[in-house]
Amino acid sequence: MKIGVVGAGGWGTAQAKLLVENGHQVMLWAYEPETVQEINKLHTNHRFLPGVNLPEELVASNDPEEVVSGAELIAFVVPSQWLRTTAKLFAGYIPADAIIVNAGKGLDNISLKPLSQVLKDELGLPDERLIVLSGPNHSEEVSRQIPSATVVAGPDLSVAEVVQDAYISPYFRVYTNLDRLGVEIGGALKNIYAIAAGICEGLNYGDNTKAALVTRALAEMCRLGEAMGAQPVTFSGLSGLGDLYVTAASRHSRNAWAGREIGKGRKLEEILSSTPMVVEGVPTTKAAYELSKQYQVELPIVEKMYQILYAGHSPQLAVEELMTRERRHETETIIF
-9 MKIGVVGAGG WGTAQAKLLV ENGHQVMLWA YEPETVQEIN KLHTNHRFLP
41 GVNLPEELVA SNDPEEVVSG AELIAFVVPS QWLRTTAKLF AGYIPADAII
91 VNAGKGLDNI SLKPLSQVLK DELGLPDERL IVLSGPNHSE EVSRQIPSAT
141 VVAGPDLSVA EVVQDAYISP YFRVYTNLDR LGVEIGGALK NIYAIAAGIC
191 EGLNYGDNTK AALVTRALAE MCRLGEAMGA QPVTFSGLSG LGDLYVTAAS
241 RHSRNAWAGR EIGKGRKLEE ILSSTPMVVE GVPTTKAAYE LSKQYQVELP
291 IVEKMYQILY AGHSPQLAVE ELMTRERRHE TETIIF
């Protein structure tokens, strides 16, 4: 297939590498001219995917028309806060029959929509040709061919299977799912809880604390997802429990890293300015908090994370307040 990948961050570059290794003709769009030059001349992307050699067949460009011209599949791998602006750059060049894949994770902070719907708004494409790719997939590992699995989701299974066939490889297992919304919600919210898990580490709390946090985070995912129309079972899969686990526990997780720094007492602004990588959980926390109010769903961890990130609330006090909430039943079948 002829494939365009939009976004040359770590995950976009890792996907482009994977797709070239699968025998596809791939062009990668990068915003930074210096990144384009490095990929084309040195076959590396040191800023976003250090230590990984890229295939010589992979071509980079910062010309939107060149990247998607004649493409059968176009993957957008762009941070949530820049997706709408980026999509506008490509809107006039998308082939009429192209399949669009959203492989970014997050929510649109203005409309509160999942990212696939942002692409639908800006690109004006039929809903059935919008597919989401999400799962426990750190670019540092996928790019080194470490066995990984992901899920592609969309309302038309035959379209999702085209994407499945494009990505699947001996080291990258791909499953399909019809619940696109649930897959997106899981992929977005897990970044919030990864920051929370990092805060627990930064505060020198133990494994019990993190286990409790991740378990109750999964309950919150299900609660909001179901209210929005997703299938609860989706959150037991790769884009829910799988991605939540890896992002909360992995040494590669920039969201967990940011949380650890917060737990150690560093200011959020200082943390964000110290890395070229995007900490998606920060803007997603605000969007999820607003969604909880819109759908009238109780999300105690999200609420406390919003207070920590946007209102200067003490992380230690937030934990104390969560631990001393009114007693509850565990299962979602009983009213919380």
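Heads up: the sequence shown begins at -9 in the numbering used here, then just goes up one per residue. For glycine and all other residues, C-beta sits at the position ideal for the given N, C-alpha and C.
According to the DSSP assignment, Ala178 belongs to no beta strand (DSSP E) but to the alpha helix (DSSP H) extending over 170 to 192.
Taking the C-beta atoms as reference points, Pro54 is found no nearer than 8 Å to Phe38. Judged by beta-carbon spacing, Leu48 lies within the 8 Å limit of Leu18, meaning their Cβ atoms are closer than that value. By alpha-carbon distance to Met267, the top candidate from Ala246, Val287, Tyr279, Ala220 is Ala246. Contact annotation: Ser59 and Val26 have beta-carbon atoms that are not nearer than 8 Å. Under the three-state reduction of DSSP, Gly253 is assigned to helix. When the Cα atoms are used, Gly82 and Leu113 turn out to be separated by approximately 8 Å. Contact holds between the segment 175 to 182 and the segment 211 to 228, because three or more Cβ pairs, one in each stretch, are under 8 Å apart.
When DSSP states are grouped into helix, strand and coil, Leu120 belongs to the strand group.
In the structure shown, the three-state DSSP call for Ile90 is strand. Three or more Cβ pairs closer than 8 Å define a contact, and the segment 141 to 161 falls short of that threshold against the segment 204 to 223.
Measuring C-alpha to C-alpha distances from Gly215 to each of Val287, Glu310, Gly94 identifies Val287 as the nearest. When DSSP states are grouped into helix, strand and coil, Asn127 belongs to the coil group. Buried is the label assigned to Thr237, since at least 16 other Cβ atoms lie within 10 Å of its Cβ.
In the DSSP annotation of this structure, the continuous segment of the beta strand (DSSP E) that includes Ala143 starts and ends at 138 to 143.
Around the beta carbon of Thr265, fewer than 16 other beta carbons sit within 10 angstroms, so the residue counts as exposed. Leu281 and Leu102 do touch by the CB rule: their CB atoms are close to 5 Å apart, below 8 Å. Taking C-beta separations shorter than 8 Å and ignoring five residues to either side along the sequence, the partners of Ser240 in its chain run His128, Ala246, following chain order. Contact between Ala65 and Ala88 fails: their C-beta atoms lie close to 10 Å from each other, not under 8 Å. Between the segment 182 to 199 and the segment 295 to 306 there are three or more C-beta pairs closer than 8 Å, enough to call the two in contact. A straight-line Cα-Cα distance of about 7 Å links Gly144 and Glu118.
In the three-state reduction of the DSSP assignment, Ile158 falls in the coil class, being assigned neither a helical nor a strand state. DSSP places Phe80 inside the alpha helix (DSSP H), whose first and last residues are 70 to 80. Taking Tyr165 as reference, the option from Glu151, Thr199, Gly172 with the minimal CA-CA separation is Glu151. Between Ile182 and Val292, the beta carbon gap of about 6 Å places them in contact (Cβ cut-off 8 Å). Residue environment analysis places Ala201 among the exposed positions, since fewer than 16 neighbouring C-beta atoms fall within 10 angstroms of its C-beta. Put simply, the backbone Cα of Lys31 is about 19 Å away from that of Gly(-6). Judged by beta-carbon spacing, Ile185 lies within the 8 Å limit of Gly249, meaning their Cβ atoms are closer than that value. The three-state reading of DSSP puts Ile100 in coil, since its state is none of H, G, I, E or B. Judged by DSSP secondary structure, Ala65 falls within the beta strand (DSSP E) whose first and last residues are 63 to 66.
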